[in-house]
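If you read the sequence shown in the working numbering, its first letter stands for residue 2, the second for the next number, and so on.
Ideal placement from N, C-alpha and C gives every residue a C-beta, glycine not left out.
Only one structure is covered here, and it is reproduced in the block below.
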Amino acid sequence: MSSEPQIVPVAVVEESHDVDVRRGHHEFTVLFGITPNFCHVESDCFSATLKNLNDDPYPIILVSRPLIDRVPLENLVLDPVSESTRCVNVITYNDGVWHGTNTDFIGIHYALTSAVTDPHNRDAMLIGSGPWLRATAFVLVKHFAVRSFFMPFTEHFDVMRQYIQSLDNKCVVVNLSNGIRETLPGTISCVVTDVPLAQQDDPNHPFRNMLSAVFETIDWDPYSPFQGVFLNLGFRQGDDVGWSQLLNSRAGWTTVELPSLRLATVPATWEMLGFDDLTVFSERLGRHEQWNVDRPGAISLD
C-alpha cells in the first residue's frame, strides 16, 4: 500500500452538514490509506449532481440518512432492495447508467445474523413506518422466511401491511390493540422500530408498555427456542437511550442500534468502487478487536 493517501472525491446529498456519514466512512477508509474528499450537495441540486457524476468528478454519491427515501428515483437503475423499499443511500455511475443502491439491507442482514444464532422463521413486531422498517421487513421476508408480523394499529398500518404482503402473499400482519398486553402473543422474538430515540424517551409513549411486555416473553417461557433480538433503528441525538433500556440486560435478548449497521454498509459501499480487498480491514480487526463506530467518545453515526 502506498504511503501517500489516495484522495477520493465523494459527494454527500444532505440538508445540512452530515458529520455522521463523514465520520463513518473516514474511520473505515483510513484503514486502506484512502482519504475521502467530501463535497456538500444541497438536496435540491440533486439533478445537477447526477450530471457531475456523469462528468466524473465524483465516483460516488452518498445520501444523508434523513433523505434516503426522498431522492428522486426516475433517472436511476435500482437494485432489487431499492426498487422495493423506494430508498437509496448510494449512487454510482457506470457505462452511461446511474445506479441507485440501498446498502442498509446489507447492514440489517449482518446485524440479525450477528445478534442471534438463527434469525429464521421468527414472529416479528414492527413499530414505525420509515425506510429502515421497510428494509428490515424485506430482509426478514426474503432472507429469513419470516411470515408472521405484529404491528400496533396506527395510520401507517395498512400501508405497511400491503407492503409486507407484496413481498410474500403468505405473510400475515396482525393488528395489535394499543397498550393491551392480553393481545400480545408469546411467540414474538424479533422487535424492530425506527421511532426516533427522543420520542422513545417519552415515558408516556403509547407503545412503551407493549414493548415491555414483549421483552418479558422470554422470562415467561424459558424454554423458548429463540433468543430475542431488538433492532432499535431510531435516530439518536445526544445521550438518548430510548427503548433499549427496557431490556435491562435481560437474558436471551440482544439489542442492535442504528450505528451498528455501518459495520456492513460502509465496507459494501467502498466495494462498489473496487476497494474489495478487506485484508487490511481483517488484520486491523485481529489486532485491535473490532472497528466499533459507536464506541464511547465517538460521534454517534446515527
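- Under the 10 Å beta carbon count, G243 is surrounded by 16 or more other beta carbons and is classified as buried.
- Looking at T137, V142, S149 and S48, the one whose alpha-carbon comes closest to that of D124 is S149.
- Annotated as proximal: T266 and D105, with beta-carbon spacing under 8 Å.
- Apart from the 5 residues on each side of it in sequence, H100 sits with its Cβ closer than 6 Å to the Cβ of V78 and T93 in its chain, given in chain order.
- I189 is a Cβ neighbour of V215, given a cutoff of 8 Å.
- In this structure, V82 keeps its C-beta atom at 8 Å or more from the C-beta atom of H110.
- The distance from the Cβ of L248 to that of F231 is about 7 Å, consistent with a contact at the 8 Å cut-off.
- E156 carries a coil assignment under DSSP once its states are collapsed to helix, strand and coil.
- By the neighbour-count criterion, in which a residue is buried when 16 or more other Cβ atoms sit within 10 angstroms of its Cβ, N38 is exposed.
- Between T50 and V42, the C-beta spacing is below 8 Å.
- DSSP lists P10 as the beta-bridge partner residues of N38.
- Membership of S190 in the beta strand (DSSP E) is indicated by the continuous run I189 to T194.
- Judged by DSSP secondary structure, L212 falls outside any beta strand (DSSP E) and instead within the alpha helix (DSSP H) spanning R209 to F216.
- Beta-bridge partners assigned by DSSP to A125: F150 and C191.
- The C-beta distance from A138 to I165 rounds to 5 Å, short enough to fall under 8 Å.
- Annotation for V174: the continuous beta strand (DSSP E) segment containing it runs V173 to L177.
- In the DSSP annotation of this structure, the continuous segment of the alpha helix (DSSP H) that includes W133 starts and ends at P132 to F145.
- Here the region 190-200 makes no contact with the region 155-162; the two share fewer than three CB pairs at distances below 8 Å.
- The DSSP assignment places 229-233 and 254-258 as complete runs of the beta strand (DSSP E) inside the region 228-281, in order along the chain (cut-off: 3 residues).
- Bridge partners of N170 according to DSSP: none are assigned.
- A112 sits close to V257, with the two beta carbons spaced by under 8 Å.
- V98 sits exposed, since fewer than 16 C-beta atoms from the chains shown fall within 10 Å of its C-beta.
- Scanning its chain for C-beta atoms nearer than 8 Å, with the 5 sequence neighbours on each side dropped, one finds around L177 the residues M126, F151, M152, P153, F154, T184, L185 and M211, in chain order.
- For E15, the number of other beta carbons within 10 angstroms of its own is at least 16, and it is reported as buried.
- In the three-state scheme derived from DSSP, where H, G and I count as helix and E and B as strand, Y94 is classed as strand.
- Separation of Q200 and F276 (C-alpha to C-alpha, rounded to the nearest whole angstrom) is 38 Å.
- The DSSP-derived three-state label of T102 is strand.
- The C-beta separation of S65 from D119 comes to about 34 Å, leaving the pair out of contact by the 8 Å criterion.
- A distance of 8 Å or more separates the beta carbons of I61 and P132.
- DSSP lists G101 as the beta-bridge partner residues of L79.
- When the five nearest sequence neighbours on each side are left out, the beta carbons in the same chain lying within less than 7 Å of the beta carbon of L262 are those of D105, G108, I109 and A112, in order along the chain.
- Among the bridge pairs identified by DSSP, E43 is matched with E15.
- Around the Cβ of C191, a 10 Å sphere holds 16 or more other Cβ atoms; the residue is buried.
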